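Numbering (this note's numbering), first residue to last: 32 to 288.
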DNA sequence: CCTATTTGACCAAA
DNA sequence: TTTGGTCAAATAGG
């Protein structure tokens with residue numbers, strides 16, 4: 032089992048990778064159709080930071096955790112939740128969510144471009160919810176025994192709210208690439224961009240660029256009309272993320288500085 | 001062709 | 001028996 036610091040480090044490295052990818056996109060396709068991708072990546076970066084922070088903060092005050100529960104974080108999106116929080120069990124266990132380590136995000140739109148390559152392997156109607164849940168695993172599960180998974184589910188219709196839950200941690204090369212990238216390059220202008228393709232994948236993969244999960248038709252088809260202009264909800268989503276990250280849902284700001 | 005997604009079947013846990 | 005998670009055959013689509 033990995034130490035919390037290790038997890039935090041991995042999360043930060045992922046965020047770093049996403050930021051790199053974002054910069055790459057902004058450098059090369061400044062005006063193109065990649066705004067959606069950029070938006071998702073920006074969100075991922077923010078999520079990574081808050082994830083890492085929550086891990087570190089959580090381990091920091093693991094001994095003085097008495098009054099931590101009653102200060103429930105208000106429900107501004109995106110909401111962050113982790114398995115390190117106490118889980119109240121009611122009724123049947125929801126296996127994955129209660130047994131293994133997970134990080135959950137809520138946001139007004141599903142997160143597809145999070146810097147990793149996912150493969151969908153299932154979709155289920157969930158009892159209490161009106162909406163289906165989609166199951167993804169890392170595209171390198173087979174090649175590299177990467178166990179990372181994620182679930183995406185619409186949890187609310189109006190306004191639209193999606194829950195993205197990550198399970199396990201990436202051990203694949205795509206992830207390792209972030210770790211080998213020099214973090215503090217002396218020259219911020221010159222970008223030594225990391226490669227996002229994978230050295231072993233060329234033999235049997237027709238396409239080794241980041242190949243993002245496409246929009247599912249699982250959700251109600253009419254939902255797309257609810258977002259009048261894409262730029263509206265996208266920028267508001269990032270604004271929410273910034274806001275949430277700024278005050279940190281788990282602690283008061285005094286703990287951060 | 002090849003790979004990715006869809007979707008009903010299957011399985012394990014409760 | 002019900003439910004959530006996964007498998008894998010069928011299908012889509014490049």
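In this text, a Cβ means the ideal position worked out from N, Cα and C, and glycines have one as well. Predicted model only: the values in this text are computed from it and were never measured.
Taking residue i as the reference, which of the options has the closest Cα?
i, options, result
"residue 140", "187, 192, 177", "192"
"residue 197", "51, 36, 137, 57", "137"
"residue 169", "187, 150, 51", "150"
"residue 158", "74, 186, 68, 56", "186"
"residue 154", "148, 182, 55, 175", "182"
"residue 133", "82, 175, 174, 160", "82"
"residue 175", "189, 188, 160, 148", "148"
Leaving out five residues on either side along the sequence, give the residues of the same chain with a beta carbon under 6 Å from the beta carbon of residue i.
i, result
"residue 79", "42, 45, 46"
"residue 171", "177, 203"
"residue 50", "76"
"residue 188", "none"
"residue 160", "none"
"residue 120", "Reliability of the predicted coordinates at residue 120 is poor, the pLDDT of 37 falling under 50, and the value obtained from them is presented with this limitation in mind. Excluding residues within five positions, none has a Cβ falling inside 6 Å."
"residue 97", "Low per-residue confidence applies at residue 97: pLDDT is 43, beneath 50, and the placement is therefore not dependable enough to give any value."
The alpha helix (DSSP H) that contains residue i, what's its start and end?
i, result
"residue 172", "172-175"
Please look up how many angstroms separate the CB atoms of residue i and residue j, rounded, as I've assumed it's under 8 Å.
i, j, result
"residue 166", "residue 152", "6 Å"
"residue 201", "residue 184", "Incorrect: roughly 21 Å between the Cβ atoms, too far for contact."
"residue 72", "residue 53", "4 Å"
"residue 199", "residue 173", "At roughly 15 Å, the Cβ-Cβ gap does not stay under 8 Å, so residue 199 and residue 173 are not in contact."
Terminal residues of the continuous beta strand (DSSP E) containing residue i?
i, result
"residue 137", "133-138"
"residue 181", "180-187"
"residue 196", "192-198"
"residue 165", "163-169"
"residue 153", "149-156"
Below 7 Å CB to CB, which residues in the same chain sit around residue i once its five sequence neighbours on both sides are set aside?
i, result
"residue 156", "163"
"residue 57", "69"
"residue 190", "139"
For residue i, I'd like the list of residues in its chain whose CB is within less than 8 Å of its CB, leaving aside the five on either flank, ordered along the chain.
i, result
"residue 207", "Summary for residue 207: the model assigns pLDDT 47, below 50, so the residue's position carries little reliability, and this model does not support an answer."
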